[in-house]
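Q:
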Ligand SMILES: Cc1cc2nc3c(=O)[nH]c(=O)nc-3n(C[C@H](O)[C@H](O)[C@H](O)COP(=O)(O)O)c2cc1C
């Protein structure tokens with residue numbers, strides 16, 4: 087087929103660097119993204135695989151400052167509550183972590199899964215209905231890497247109450263479940279090592295702990 091790309095060794099090496107340098111970002115510059123960039127990233131996100139080609143991802147661009155503040159307030163409350171699960175040094179360590187970039191990120195995207203979509207006619211979901219949400223996650227990962235390749239950071243916020251977020255955003259679709267709330271913008275710093283590793287919260291696991299053979 088003409089136009090078929092060749093992913094040569096230099097490209098493979100660069101791609102590996104992209105994986106190594108992708109980071110969950112919580113420290114953002116407030117500079118806005120160039121016009122059209124967010125739409126282009128969302129377009130790329132929709133190239134992700136999905137069960138039965140169901141494309142269940144639904145993206146909500148959260149623009150309204152009042153709604154953004156309500157989301158931030160919900161995060162603050164949930165974060166305070168989560169802190170109670172830890173004691174002593176762990177609690178102090180948790181309190182010192184910055185666990186969202188909601189305060190500064192120029193773009194906020196809430197990502198939902200349309201859990202009753204008829205698109206794809208149920209193919210692949212009978213035995214594993216959860217694959218619909220896995221499909222949405224794959225679109226987020228695609229967006230994440232595409233953003234990083236352009237020097238744009240993404241931070242995934244899960245310390246929020248999905249039903250509250252749905253109310254705050256006035257989502258009329260009963261079957262939409264929240265999968266992620268994303269902060270997107272230019273990072274203040276670039277790092278090869280995850281922030282939670284740098285802060286001594288949780289190290290990376292060696293492959294030997296995550297792979298078994300049968
Ligand atoms: C499903 C999911 C939810 C996450 N939620 C949060 C969150 O609420 N706050 C936060 O600071 N990081 C969150 N993260 C980011 C992880 O902490 C981060 O991916 C992990 O520490 C590894 O760092 P890295 O992404 O920079 O490699 C989340 C990541 C995933 C995949």
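In my numbering, the protein residues as written are 87 to 300. Even for Gly, the Cβ is constructed at its ideal location relative to N, Cα and C.
1) Is residue 124 near residue 193, with beta carbons less than 9 Å apart?
2) Who's in the neighbourhood of ligand 1, going by beta-carbon under 5 Å from any heavy atom, listed in chain order?
3) CB-CB under 8 Å to residue 251, same chain, minus the five flanking residues each way: which ones, in chain order?
4) Nearer than 8 Å: is that true of the beta carbon of residue 267 relative to any heavy atom of ligand 3?
5) Using beta-carbon positions only, say whether residue 289 and residue 283 come within less than 9 Å of one another.
6) In the DSSP assignment, find the unbroken alpha helix (DSSP H) run with residue 161 in it and report its ends.
7) Which residue's Cα is closest to the Cα of residue 205: 223, 270, 138, 186?
8) Quick check: the region 218-237 against the region 178-189, are at least 3 beta-carbon pairs closer than 8 Å?
9) Report the residue from 217, 287, 242 whose alpha carbon sits nearest the alpha carbon of residue 226.
10) The beta strand (DSSP E) that contains residue 147, what's its start and end?
11) Is residue 270 helix, strand or coil by DSSP?
12) Please list, in chain order, all residues of the same chain as residue 183 whose beta carbon is under 7 Å from its beta carbon, the five residues on each side excluded.
A: Result, derived from the coordinates:
1) Position 38 of the chain shown holds residue 124. Position 107 of the chain shown holds residue 193. The answer is yes: Cβ separation under 9 Å.
2) Ordered by chain, the residues meeting the criterion of a beta-carbon within less than 5 Å of a non-hydrogen atom of ligand 1 are 109, 110, 185, 242, 243, 244, 245, 280, 282.
3) As a working note, residue 251 is residue 165 in the chain shown. Listed in chain order, the non-local C-beta contacts of residue 251 below 8 Å within the same chain comprise 157, 160, 196, 264, 267, local neighbours out to five positions each way being set aside.
4) No copy of ligand 3 occurs in the structure displayed; its ligands are ligand 1 alone.
5) Translated into the one-based positions of the chain shown, residue 289 becomes position 203. Translated into the one-based positions of the chain shown, residue 283 becomes position 197. Result yes, Cβ atoms of residue 289 and residue 283 sit closer than 9 Å.
6) By one-based count along the chain shown, residue 161 stands at place 75. First-last of the alpha helix (DSSP H) with residue 161: 151-169.
7) Translated into positions along the chain shown, residue 205 becomes position 119. Residue 205 has its Cα closest to that of 138, out of 223, 270, 138, 186.
8) No, because fewer than three Cβ pairs between the region 178-189 and the region 218-237 fall closer than 8 Å, the two stretches do not touch.
9) Position 140 of the chain shown, counting from 1, holds the residue named residue 226. Nearest C-alpha to residue 226 among 217, 287, 242: 242.
10) In the chain shown, the residue the question calls residue 147 occupies position 61. That run of the beta strand (DSSP E) goes 143-147.
11) On the chain shown, position 184 is the one that residue 270 refers to. In the structure shown, residue 270 adopts extended strand secondary structure according to DSSP, grouped into three states.
12) As a first step, residue 183 must be located in the chain shown, where it is residue number 97. So the list reads 285, 287, once near-sequence residues are dropped.
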